[in-house]
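What follows is a set of notes on a single structure, which appears directly below.
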Amino acid sequence: MAAAAVIALVIIIALVVLVASLSIRLVQQYQRGVVFRFGRVLERIRQPGFQLIVPVADRMVRVSMQTTVIGVPAQGVITRDNVTLTVDAVVYYRVVDPVKVLVNVRDYPSAVLQVAQTALRSVIGKADLDTLLRDRDRINAELKSVIDAPTEKPWGLLIERVEVKDVSLPEGMKRSMSRQAEAERERRARVIAADGEYQASRRLADASRAMANTPGAYQLRLLQTVVDVAAEKNSTLVMPFPVELLRFFDRLAGGESELARPAGQAGQGPAEQAPSLGPVTENVAAAADGDGRRPAR
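Using this note's numbering, read the sequence shown as starting at 1127 and increasing by one per residue.
What follows is the structure in structure tokens.
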């Protein structure tokens, strides 16, 4: 009797363990459980933790809710402006409806990959090369919307992000773009240099008008030039002699002659009041006036 009782107890314990192993399921924090009872989906989604199912009648499938990353292989694409490119991308997606993922689509990672390849060819084919290289964010947003449309509601997937990783150009196109960029930089350099010349000419014109209104400004500028040349420690010093300085001394000499003239001759005409220039001063003044002749005495 005792032996029979022990055997029965062992059998009962084994049956309990078997039933428990068939009934208890463990769902991880990043998973959700979908239960099929005799092939039909139950509405209640099993949350993380220990879950009980009916042995033999129920079958539970765990679905990961984590974000999945898939790489889209390089695709040969012809852009709208007839440029052949090789483009690859990466897609980030996650499951939002475990029931639709299991019921509506088979092998959803492969299905998402195929949709991504088709969308990549379609979107890149509608854009030109400059848009693809310059406005990458718009291309990524358009790719996301194209891939998300057939996958979110029918398949229960959410496309979180799509990015174009690399754009491979032909070697001839790379050389052409390099020459174009070099020509653009040279054009900008010439425009900047011409603008600098224009601004400098405006400043020089303003400076010349300011110096023309101040008679002593030319002499000060002359002295500054002499100082700049002398600072170079040259053995030869070239000092220009302006004609205006000769005219200044000429006027000064004319004023002294007027003071020294007798009072009886003060009423003479303008021609008689003009002082006589020295031979050297007359030659320099005549050369400055441009006629090349000495005035008559």
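Note that CB positions come from ideal geometry on N, CA and C, so glycine has one too. Note that the coordinates shown come from a computational prediction; the quantities given were computed from them, not determined experimentally.
How about Val1136: is its C-beta nearer than 7 Å to some C-beta of chain B? Judged by its chain identifiers, the structure shown contains no chain B, having just a single protein chain.
Please list the terminal residues of the continuous beta strand (DSSP E) segment that includes Arg1188. Asp1184 to Ser1190
Whole-number beta carbon distance between Ile1285 and Asp1274, since they are thought to touch under 8 Å: 4 Å
Compute the Euclidean distance between the alpha carbons of Gly1393 and Asp1376, then round it to the nearest angstrom. With a pLDDT of 44 at Gly1393, under the threshold of 50, the modelled position of that residue is not reliable, and no figure is offered here.
From the DSSP output, read off the bridge partner residues of Ser1294. Thr1212
Nonlocal neighbours in the same chain, by C-beta distance under 7 Å from Val1203, ignoring five residues either side: Leu1211, Val1213, Arg1247, Ile1250 and Gly1251
Return yes when the C-beta of Phe1375 is under 6 Å from any heavy atom of the ligand MG, and no when it is not. This structure does not include the ligand MG; it has no bound ligands of any sort.
Suppose you measure from the CA of Gln1177 to the CA of Arg1260; what does that come to, to the nearest Å? 52 Å
Within 8 Å, do at least three Cβ pairs link the region 1190-1201 to the region 1162-1175? no
Rounded distance between the beta-carbons of Leu1228 and Val1180, thought under 8 Å: So it is not a contact: roughly 19 Å between Cβ atoms.
Helix, strand or coil: how does DSSP classify Glu1286 here? strand
Determine the direct distance from the alpha carbon of Arg1172 to that of Val1153, and round the result to whole angstroms. 8 Å
Nearest-angstrom Cα separation, counted from Ser1149 out to Val1182: 9 Å
Name the DSSP beta bridge partners of Ile1150, please? Leu1178
Under a Cβ-count criterion, where at least 16 other Cβ atoms within 10 Å of its own Cβ denotes burial, should Pro1224 be classed as buried or exposed? buried
When you compare the CB positions of Arg1206 and Asp1256, do they come within less than 7 Å of one another, or not? no
Helix, strand or coil for Ala1412 per DSSP? Note that Ala1412 scores 47 on pLDDT, short of 50, meaning its location in the model is unreliable; the coordinates nonetheless yield the value given after this. It is helical.
For Val1272 versus Ala1245, is the C-beta distance shorter than 7 Å? yes
In chain order, what residues of the same chain lie with their CB nearer than 6 Å to the CB of Arg1287, ignoring the 5 residues before and after it? Tyr1218
Let me confirm a value: Arg1314 is counted as buried when at least 16 other C-beta atoms fall within 10 Å, else exposed. Which label applies? exposed
Within its chain, find whatever has a CB closer than 6 Å to the CB of Ala1400; leave out the 5 residues flanking it on each side and keep chain order. Bear in mind that the predicted position of Ala1400 carries a pLDDT of just 42, short of 50, making it unreliable; the figure below should be weighed with that in mind. Cβ within range, chain order: n/a, list empty.
Cα-Cα, which of Met1191, Thr1277 and Glu1310 is closest to Asn1230? Thr1277
Do Val1222 and Gly1282 have their C-beta atoms within less than 7 Å of each other? yes
With respect to the beta strand (DSSP E) encompassing Gln1201, which residues constitute its N-terminal and C-terminal limits? Thr1194 to Ile1204
Tell me the rounded alpha-carbon separation between Leu1372 and Ala1307. 57 Å
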